[in-house]
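**Q** The structure follows.
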Amino acid sequence: MAFTRGTQGGRGSGPGVAASIGIGAAAGVTAAAGLLLGRKAATVGRIGKGHPLKHRALDLAAGSIQRKYPLEAMSTYLNGFHMYADDMGRQVEATHLCIHLQHDLHQCVIFDRNAPDARLIGIEYIISEERFRALPEDEKRLWHSHHYEVTSGILTAPGIPDLAEHAYFEDLVTTYGKTFHTWQYDRDDFPYGIPRLMMGFTEDGQASDDMIRARDDRLGLSTARKREHRADIPVPDVAPGANAWESGRTVQTRLEETDFRR
490 MAFTRGTQGG
500 RGSGPGVAAS
510 IGIGAAAGVT
520 AAAGLLLGRK
530 AATVGRIGKG
540 HPLKHRALDL
550 AAGSIQRKYP
560 LEAMSTYLNG
570 FHMYADDMGR
580 QVEATHLCIH
590 LQHDLHQCVI
600 FDRNAPDARL
610 IGIEYIISEE
620 RFRALPEDEK
630 RLWHSHHYEV
640 TSGILTAPGI
650 PDLAEHAYFE
660 DLVTTYGKTF
670 HTWQYDRDDF
680 PYGIPRLMMG
690 FTEDGQASDD
700 MIRARDDRLG
710 LSTARKREHR
720 ADIPVPDVAP
730 GANAWESGRT
740 VQTRLEETDF
750 RR
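Letter by letter, the sequence shown follows residues 490 to 751 in my numbering.
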């Protein structure tokens, strides 16, 4: 974000004075926000460490004034795990923030964890079985089922009472997801490369026990207890075409040079 310089003509409106006012205003905004919005100020200060004072002040002011309607509409927080579509050995935790956009469509943004300084790592679209069955066959290869993630307990809605979570997952168990990760955070400390197609687990013995245990310990969850609590959720038959990797062949994104069209 950049400042735009105002028109000349008024006394004391030169660049030197403007810069002085800008610095003073930034300090004033930071101090006032710290008093009025203590929690938000502390958060911005923590994730903005190393940023110039001006940038931290602008971030704080924007966070206090601007409405972010798409983010405010993200009503559901889910925690689960994904694997790379072409490599089951690469498994990562995924924090989803989702909105039920239409009756047969959810959309989620995915972070590495639920924290103010979380890294944005991808997106997921979740659709109904009816819509999935209507997809072209090539499109179906990009999608994974949620039947095992739900019934096994590894997909959770942290903080939601068991009864409400159970009702939510009764609906989600029949859905299908298409997920791309834009940051290979299990390998890189920066979002290098192109988005990678991800998949979900479909049976016991695939997801790392250590990974699940570490998640449970950190969030105060028990995957085993959630599995028991969801034992009465019917397991649907998986629609043909989903979880393409189970055939031994899969698809994955790649970077390809092509002609530029004018």
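Ideal placement from N, C-alpha and C gives every residue a C-beta, glycine not left out. As the structure is a computational prediction, the values presented were derived from the model and not from experiment.
Could you compute how far the alpha carbon of A646 sits from the alpha carbon of P625?
**A** Approximately 31 Å between the Cα atoms of the pair.
**Q** Need the endpoints of the alpha helix (DSSP H) that E735 sits in, please.
**A** Element bounds for E735: n/a, residue is neither H nor E.
**Q** In whole angstroms, give me the CA-to-CA distance for M700 and D601.
**A** The straight-line gap from Cα to Cα measures roughly 13 Å.
**Q** Tell me the residue span of the beta strand (DSSP E) that contains E613.
**A** E613 -> beta strand (DSSP E) spans L609 to I616.
**Q** Since I believe L567 is in contact with L631 (beta carbons under 8 Å), could you give me their beta-carbon distance rounded to a whole number of angstroms?
**A** No, L631 and L567 are not in contact; Cβ-Cβ is about 20 Å, not under 8 Å.
**Q** Considering only the alpha carbon of each residue, which of I722, I615 and I649 lies closest to M688?
**A** Per the Cα distances, I615.
**Q** According to DSSP, which residues form a beta bridge with F445?
**A** Outside the displayed span of the chain (490 to 751) sits residue 445, for which this structure offers no information.
**Q** I need the boundaries of the beta strand (DSSP E) containing K667, first residue and last residue.
**A** Counting along the chain, the beta strand (DSSP E) containing K667 begins and ends at Y665 to H670.
**Q** Once DSSP output is grouped into helix, strand and coil, what is the label at M563?
**A** Of the three classes helix, strand and coil, the one that applies to M563 here is coil, per DSSP.
**Q** How big is the Cα-Cα spacing for A520 and Y573?
**A** Residue placement at A520 is poorly supported in this model, since its pLDDT is 43, which falls under 50; the coordinates still yield a value, given next. About 45 Å.
**Q** C587 and Q580 - do their beta-carbons sit closer together than 9 Å?
**A** For Q580 and C587, no; Cβs fall outside 9 Å.
**Q** Could you compute how far the alpha carbon of L609 sits from the alpha carbon of D721?
**A** Spanning the two alpha carbons is a distance of roughly 35 Å.
**Q** What would DSSP say about L542, mapped onto helix, strand or coil?
**A** Here L542 sits in helix by DSSP.
**Q** Looking only at DSSP bridge pairs, what is T640 linked to?
**A** BP columns for T640 are empty, so no partner.
**Q** Is Y558 helix, strand or coil by DSSP?
**A** In the structure shown, Y558 sits in a helix (DSSP, three-state: H, G or I).
**Q** Mind checking whether H718 and H655 have CB atoms under 9 Å apart?
**A** Yes. Within cutoff.
**Q** Excluding five sequence neighbours on each side, which residues of the same chain lie with their C-beta closer than 7 Å to the C-beta of A562?
**A** Taken in chain order, the residues that qualify are I588.
**Q** Assign D678 to one of three DSSP states: helix, strand, or coil.
**A** Coil at D678, not helix or strand.
**Q** Just tell me which of D706, M577 and G666 has its CA closest to the CA of E619.
**A** E619 has its Cα closest to that of G666, out of D706, M577 and G666.
**Q** What three-state label does DSSP hand R750 in the structure shown?
**A** It is coil, neither helix nor strand.
**Q** Opposite H595 in the DSSP bridges: which residues?
**A** According to DSSP, H595 bridges with H589 and I615.
**Q** Under 9 Å between the Cβ atoms of A733 and R622?
**A** In this structure, R622 does not lie closer than 9 Å to A733 by Cβ.
**Q** What are the complete beta strand (DSSP E) segments, minimum 3 residues, inside the stretch 692-725?
**A** Counting whole runs of 3 or more residues, the stretch 692-725 contains no beta strand (DSSP E) stretch at all.
**Q** Tell me which residues share the same chain as A583 and place their Cβ nearer than 6 Å to its Cβ, disregarding the 5 neighbours each side in the sequence.
**A** The answer, listed in chain order, is G569, H571 and I599.
**Q** Consult DSSP for D576 and reduce its assignment to one of helix, strand or coil.
**A** Correct three-state label for D576: strand.
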